[in-house]
Amino acid sequence: MQTYKLTNTYYKRAFLLPGLILLVAIIIFPLLFTIRVSLAGWNVSHAGLDFVGGHNWARAFHDRLFWDSMNRLLIFSFFTTILQYVLGFTMAMVAWRGIASRRFFRVLWLIPMMTTPSVMAIVWRSIFREDIGAANGIFHGLGLHPIAWSTEIFPATFTIIIAEVWQWTPFMFLILLAGLLSLPKEPFLAAEIDGASAWKTFWRVTFPMMAPISAGAIVIRLIEASKIFDSIFSLTSAGPGNATETPSYFVWKRYFTEFQISYGATLSLIYLIVAIIVLTIIGQIFARLSKPKGD
Amino acid sequence: MEKKRVNVRLVSSVATIALVASSVATWSLTAARADDAGMGPGPKAKAASFPAGGTVDYTKQPYTPDAYKGTAITKDGNRDCSYHNTSMKDYSGQTLHVLAPPPPNMGEPMEQHGAEFTKLTGGKVVVDHVDVGSLYSKAQTAFQSGISPWDVVVNFSTWIGDFQQDYYSIPTKYTTGNGELATMLPLYKQIYSWNGETKLFGIDADRHFLKYRTDVINDPTAQAFYKQKTGQTLQVPQTWTQYNLMAKTFNGYAAAHQPAGVPFSGSVEIMKRDDLMWSAFINRVAPYAKNPNVKTGFWFDANMTPQVNNPGFVRGLTEFVDAAKNYIPQGGQNFGLSDEISAYGAGKGLFSYTWDDAWSQSNQPDSPIKGYVLAAPNPGAETVWNSNTKKWDTPAGGVNRAPYIAWGWSSAIPKYSKNKQMALDFLCFFANQANHQIDLSIGRTGVNPSRSADFTEAFWTKNLGWGKDATDSWLATLKTYSSAHNRVFDLRVPGNGQFMSALADGVAQALAGQATPQAALDAVAAKWKDIEQQIGVDKIKAAYQNVLKLENS
Chain Z
534 MQTYKLTNTY YKRAFLLPGL ILLVAIIIFP LLFTIRVSLA GWNVSHAGLD
584 FVGGHNWARA FHDRLFWDSM NRLLIFSFFT TILQYVLGFT MAMVAWRGIA
634 SRRFFRVLWL IPMMTTPSVM AIVWRSIFRE DIGAANGIFH GLGLHPIAWS
684 TEIFPATFTI IIAEVWQWTP FMFLILLAGL LSLPKEPFLA AEIDGASAWK
734 TFWRVTFPMM APISAGAIVI RLIEASKIFD SIFSLTSAGP GNATETPSYF
784 VWKRYFTEFQ ISYGATLSLI YLIVAIIVLT IIGQIFARLS KPKGD
Chain E
204 MEKKRVNVRL VSSVATIALV ASSVATWSLT AARADDAGMG PGPKAKAASF
254 PAGGTVDYTK QPYTPDAYKG TAITKDGNRD CSYHNTSMKD YSGQTLHVLA
304 PPPPNMGEPM EQHGAEFTKL TGGKVVVDHV DVGSLYSKAQ TAFQSGISPW
354 DVVVNFSTWI GDFQQDYYSI PTKYTTGNGE LATMLPLYKQ IYSWNGETKL
404 FGIDADRHFL KYRTDVINDP TAQAFYKQKT GQTLQVPQTW TQYNLMAKTF
454 NGYAAAHQPA GVPFSGSVEI MKRDDLMWSA FINRVAPYAK NPNVKTGFWF
504 DANMTPQVNN PGFVRGLTEF VDAAKNYIPQ GGQNFGLSDE ISAYGAGKGL
554 FSYTWDDAWS QSNQPDSPIK GYVLAAPNPG AETVWNSNTK KWDTPAGGVN
604 RAPYIAWGWS SAIPKYSKNK QMALDFLCFF ANQANHQIDL SIGRTGVNPS
654 RSADFTEAFW TKNLGWGKDA TDSWLATLKT YSSAHNRVFD LRVPGNGQFM
704 SALADGVAQA LAGQATPQAA LDAVAAKWKD IEQQIGVDKI KAAYQNVLKL
754 ENS
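First to last, the protein sequences are chains Z and E.
Sequential numbering of the first sequence, starting at 534, is according to our numbering.
Sequential numbering of the second sequence, starting at 204, is according to our numbering.
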């Protein structure tokens, strides 16, 4: 009996080992190493892992430009996710209710999500190019003034949001459509018998029943939106000035173009910590809000 | 209980593995670096497979045989690394690794000449292409670990302060006597050197200069228009004040030979933050801040106090901001170097003032403005800041000229390479007379004139079909720069990228209206002080002495 237990434990450990090794290799080791690097003074002229204590952390907490980029990220994430949710829900409702050529539209709506973000960013850049872009071409055709899409702060922010919304609304659509298709039919039949209008049925039946799925979709999108880089890199290069610079671009610049290895590592850890805290709080709030009443 | 014990053991095992792995990585990074002086086996001798003085025909070269039909045929040279001499070296069985940007700039000639080198010597040349933005970090990551996967690295000459200790010194036989670099202009020999040793194998040479449209500046109708509008005589701008006024006045003007449907602006400039804008900006500042009577430095003073926020810099930035608001093409604030080249080449501006590329584009046979563009030195200033007296000086002769000798492409051999002889032979072959001529002719290779033979009119008019006037104006401008004494050079110190990135951040904020020029540059100066502390003031000061030598030469 004793032998069997030992063998059983041994096998358990043996089977866990590949997963653990993978976990150590791709998550724990890089994380520990990044923490160690953040405590060193590794930069362009000083290689290696000396120990400078919390110097980089203190510097990061006083780096106004980094925290500005963090604020900007909150704005981008909020607006892009809300717009994606509203549009995605609308599209999902249309597809769920059934329209002519629904299969065609389902495939069409998925194309943006299937396209590589950097490729799409380049397409959007061509559209929003101020001198020869299609957007200003249309404005010109309508007799309107061209817009400084990439060189004025508000339009540049708008172009980033447009590109992000266009690319990721299909993701919302997909998840929400799956949620809608899984809803039970009885509540809708009951609403119909009660003579509820389409709007009332949506507001009192569909929307509440979709709340848990909506919360999940929004949190997933917020996680993705917090990593925004491709569209900013390709569309505005964080400009004009630093008006569209988000933490990922800010960290990339410090780390790769300025070779501030330790400082870049510190910033990325702070970015990670802030993202975990904020997204956990948002997740908790959504979980409470989407909890069915009476539970 | 047993489960808990297992969990504890698992967690402790994971932590131990992670710590050991982390320690190994730490050790490998801090391990002593070996300066391997290995020259490699070198070549064996063999009979020449290429005739002395033979024809080098790039329509038959192995990399892209169809790319140069009818354009790239020349005679082999007679220097040490000619096709003939290289063909007597047998490198079969050996491989050379090169780090280079993607084609066409430098990536294309590396591949072409690599393929020719293989054909002549049997040695294999493997070119590892990485995007321009990653060249620095790739090299730095390897060098800081005391290794180099590459025997040759292509780089920006402005990085010399960061990498000089990692580069093998090029023996003098390549830069003197019958060496391929012997005829390189002394100015560029200086740029490629560090403390008297040649660290960079010079395959390019750069400077910024003015390009202007003759169908405006020399046009009687435009001259009358300008006189009427400003009361001044239209001429090639001698100062930035004149440049700005002309650019503003002619913004939207119908130039005499303006291509149909192309809007005309006063100036085409590089203003995109992370696309070499800092380099363009230096031109705007140079004559206001480079005082020939101040020998303590353009970038720092004698106490290593950053000068980037002195009134000379602020004046340059104020005018740069004014340009962005008033006389650049639509979307011009988002123009990087490639946008500047294509926009000016398409005829979108009266002036432009950075590298040779926009010039070459304007002189190509298919250019819509060919024949209507001439070159001149970049504008000067009627006043120059004196950082010693803290006053504005009036320059002798009324105009302070301060040409910016901008960084260009270069190459080097990492001291960690174990195949240095082959690297030297390859780079020397790359730079031989025939290849150099072909690279100059093709234009997009990124190779610009640097040797005495490059400054002859016939080469450009016959080989490239450039107009005589255009060629003469260009060559005269380049010669002026070579002999000038109040020049501005890049900040060739460790952390150059970090300094210039901070500068670009500040300038971009001023351009976007997020800060005033003074506030933006004050923030840049504060950042520069931080960078000095991070890297070490003494280290930067020692390196800056090399920049001062150039500035005061």
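Heads up, the beta-carbon is just placed ideally off N, CA and C, and yes, glycines get one too.
Here the structure is a predicted model, which means the values were calculated and not measured.
| query | result |
| --- | --- |
| Given 8 Å, three or more beta-carbon pairs between the segment 559-571 of chain E and the segment 543-551 of chain E | yes |
| Min CB distance E:R763 to chain Z below 8 Å | Residue coverage of chain E in this structure runs from 204 to 756, which leaves residue 763 of chain E outside it and unanswerable. |
| Candidates E:K665, E:F404, E:P462 and E:S337, of which the one nearest E:I363 by Cα | E:F404 |
| Within chain E, the residues that Z:E757 reaches when beta carbons sit closer than 7 Å | Here the premise fails: no neighbours, minimum Cβ distance about 24 Å. |
| For E:R654, three-class secondary structure by DSSP | strand |
| Positions along the segment 760-771 of chain Z whose CB lies within less than 8 Å of some CB in chain E | T769, S770 and A771 |
| Test item: CB-CB of E:A342 and E:V356 under 8 Å | yes |
| Within chain E, partners of Z:T790 - CB distance below 8 Å | G336, Y339, S340, D477, G700 and S704 |
| Proximity to E:K682 [Cα-Cα], best of E:G649, E:S563, E:E585 and E:D657 | E:D657 |
| Min CB distance Z:P773 to chain E below 8 Å | yes |
| Per-residue burial, E:K496 [other beta carbons within 10 Å of its own, 16 or more giving buried] | First, the residue type needs correcting, since residue 496 of chain E is Asn and not Lys in the sequence shown. Looking at its Cβ environment, which holds fewer than 16 other Cβ atoms inside 10 Å, E:N496 is exposed. |
| Contact with chain Z by E:V227, beta-carbon distance below 8 Å | Bear in mind that a pLDDT of 48 at E:V227, under 50, signals an unreliable position, so the number given afterwards is only what the model happens to contain. Taking Cβ atoms only, chain Z never reaches closer than 8 Å to E:V227, which makes this a no. |
| Exposed unless 16 or more other CB atoms sit within 10 angstroms - verdict on E:D741 | exposed |
| Own chain, CB closer than 7 Å to E:A626, minus 5 neighbours either side, in chain order | L299, D354, V355, I616 and S620 |
| Continuous alpha helix (DSSP H) stretch holding Z:L714: start and end | I686 to L714 |
| Cβ shell of Z:N576 (< 6 Å), same chain only, five flanking positions each side left out | Q793 |
| Z:F599 vs Z:P780 beta-carbon contact at 8 Å | yes |
| CB contact flag (E:R410, E:Y747, <8 Å) | no |
| Own chain residues within Cβ distance below 8 Å of E:K671, not counting five before or after | E660 and T664 |
| is_contact[Z:S781, chain E] using C-beta, thresh 8 Å | no |
| Nearest residue (CA-CA) to E:P580, options E:F554, E:T648 and E:V511 | E:F554 |
| Test: Z:R605 CB closer than 8 Å to a CB of chain E | no |
| Among E:E311, E:D504 and E:A609, the one whose alpha carbon lies nearest that of E:T557 | E:A609 |
| Endpoints, beta strand (DSSP E) assigned at E:H332 | K327 to H332 |
| Bridge partner(s) assigned by DSSP for E:Y286 | Partner(s): none; E:Y286 has no beta bridge. |
| Under 7 Å from the C-beta of Z:R662: neighbouring residues of chain E | G534 |
| Residue closest to Z:F735, alpha-carbon to alpha-carbon, out of Z:I660, Z:V585 and Z:T623 | Z:T623 |
| Below-8 Å beta-carbon distance, Z:P688 vs any chain E residue | no |
| Positions along the segment 665-679 of chain Z whose CB lies within less than 7 Å of some CB in chain E | P679 |
| Neighbouring residues, chain E, relative to Z:N576 (Cβ below 7 Å) | Q737 and I738 |
| Spatial distance of E:N749 from E:K322 (CA atoms) | 40 Å |
| Beta-carbon neighbours of E:Q717, restricted to chain Z and to distances below 9 Å | I686, P773, G774, N775 and A776 |
| Nearest-angstrom Cβ-Cβ length linking E:P532 and E:V471, presumed shorter than 8 Å | 6 Å |
| Sequence-distant residues of its chain with Cβ nearer than 7 Å to E:S351 (five each side left out) | A345, P617, Y619 and S620 |
| Span of the beta strand (DSSP E) around E:D596 | K594 to D596 |
| Residues near E:T277 by beta carbon distance below 7 Å, same chain, minus five either side | V259, A637, Q640 and I641 |
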